[in-house]
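Here the structure comes first, spelled out in structure tokens, and everything after it is commentary.
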Amino acid sequence: MKQNSLKEAVSWAAINFIQPNTIVGIGTGSTIDYFINALVSIKHQIKGVVSSSEKSTNKLKKLGIKIIDLNEINFLPIYIDSADEIDSQLCMIKGGGAALTHEKIIASVADKFICIVDVSKKVNVLGRFPLPIEVIPMARNFIIRELEKIGGIPKYRQDVTTENGNIILDIHNLHILDPISLEKHINSIPGVVTVGLFASRKADIVLISTSKGIEIIKE
Ligand code: 5RP
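The following block contains the structure:
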């Protein structure tokens with residue numbers, strides 16, 4: 677099966693996890709684009725969506741799905757998003773689409789994080805996909821030097837400004853054996869807004885789309 681068909685299949689499978697009359701948090705990316713298409717089928721059964729990016733918001737609005745501001749709610753039952761890599765402990769690398777900060781905020785509010793991926797995203801050790809970090813622009817070279825101290829090779833993502841007005845560094849050459857410690861360490865560097873390691877707040881459930889069907893792994 678082609679990767680896009682796998683993304684579409686897992687998006688439809690995720691619809692079964694949404695309870696009627698609830699608010700759904702959603703991420704950003706090509707998998708989530710398929711998920712939004714599937715969500716249209718139940719749009720009259722949900723209260724609305726908390727969106728993580730302008731890209732997802734624009735698509736949701738076009739399809740007539742109500743957008744809800746995160747500050748207007750105090751409980752979010754479910755967050756559905758994809759990942760760039762996910763390991764067997766359900767820790768993830770995210771941020772390929774540069775929406776990592778909003779994604780991490782919504783994921784942290786949500787009661788349940790359901791990660792939907794095609795099988796190519798499953799890894800034994802995180803780090804083959806360069807780890808994205810959102811950074812305050814003036815701290816760029818300082819943060820690059822700090823990341824080099826831990827063996828990373830940071831590359832400035834050219835021509836990308838996040839929705840918060842910041843830049844993205846992608847750290848190559850990492851073999852992430854302790855995602856929780858690395859997440860804490862990178863978060864402690866002044867000027868780092870968000871690291872795209874989702875280890876302290878990992879997924880609760882992952883749906884993995886394979887050519888044989890959908891594999892469900894729970895924490
Ligand atoms: C965006 C993300 C995405 O979830 C991640 O990049 C996966 O994207 P795609 O579904 O296009 O493969 O973290 O910031």
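Here my numbering runs 676 ahead of the position in the sequence shown, where the first position is 1. Ideal Cβ placement from N, Cα and C applies to all residues, glycine included.
Inset, instruction - Give the single residue among LEU845, SER681, LEU802 and ASP757 whose Cα lies nearest to the Cα of VAL882. - result: ASP757
Inset, instruction - Excluding the 5 residues preceding and the 5 following VAL836 in the sequence, name in chain order all residues of the same chain whose CB lies nearer than 6 Å to its CB. - result: ALA774 and ILE844
Inset, instruction - State whether the segment 779 to 789 contacts the segment 871 to 888, with contact taken as three or more CB pairs (one from each stretch) at a distance under 8 Å. - result: yes
Inset, instruction - Look at the alpha carbon of MET677 and the alpha carbon of VAL686, and state the distance between them as a whole number of angstroms. - result: 12 Å
Legend entry - Local Cβ density within 10 Å of ASP846, reported as buried at 16 or more and exposed below that: buried
Inset, instruction - Tell me where the alpha helix (DSSP H) around ASP709 begins and ends. - result: 706 to 715
Legend entry - Span of the alpha helix (DSSP H), counted from its first residue to its last, around PHE818: Here the alpha helix (DSSP H) through PHE818 covers 816 to 825.
Legend entry - Neighbour-count burial assignment, ASP763, 16 or more Cβ in a 10 Å radius: buried
Legend entry - Per DSSP, cross-strand counterpart(s) of PRO808: ASP846
Inset, instruction - Determine the extent of the alpha helix (DSSP H) in which PRO855 is found, giving its start and end residues. - result: 855 to 863
Inset, instruction - Could you name the residues that DSSP lists as bridge partners for THR870? - result: GLU810
Inset, instruction - Per DSSP, which residues does THR837 bridge with? Please list them. - result: The partner list for THR837 (beta bridge, DSSP) is empty, contrary to what the question assumes.
Inset, instruction - List the DSSP bridge partners of ALA786. - result: LEU752
Inset, instruction - Please indicate yes or no: does the CB of THR886 lie closer than 7 Å to some heavy atom of the ligand 5RP? - result: No, the beta carbon of THR886 sits no closer than 7 Å to any heavy atom of the ligand 5RP.
Inset, instruction - Would you give the residue range spanned by the alpha helix (DSSP H) that THR733 belongs to? - result: Looking at the DSSP string, the run of the alpha helix (DSSP H) that includes THR733 is 730 to 738.
Legend entry - Residue of SER727, GLN695, LYS735 and THR838 minimising C-alpha distance to HIS720: GLN695
Inset, instruction - Could you tell me whether any non-hydrogen atom of the ligand 5RP is closer than 7 Å to the CB of ALA714? - result: no
Legend entry - Cβ-heavy atom distance, THR704 to the ligand 5RP, below 7 Å: yes
Inset, instruction - With VAL686 as the anchor, note down where its alpha helix (DSSP H) starts and where it stops. - result: 679 to 691
Legend entry - Inter-stretch contact at 8 Å, needing at least 3 Cβ pairs: the segment 721 to 730 / the segment 787 to 795: no
Legend entry - Segment contact flag, the segment 744 to 753 with the segment 811 to 819, C-beta cutoff 8 Å, min 3 pairs: no
Legend entry - Cβ-Cβ separation, HIS851 to GLY772 (assumed contact under 8 Å), whole Å: Rounded to whole angstroms, the Cβ separation of GLY772 and HIS851 is 19 Å, and the two are not in contact under 8 Å.
Inset, instruction - Examine chain D for any beta-carbon lying closer than 8 Å to the beta-carbon of LEU850, and answer yes or no. - result: No chain D appears in the structure shown, which is made up of a single protein chain.
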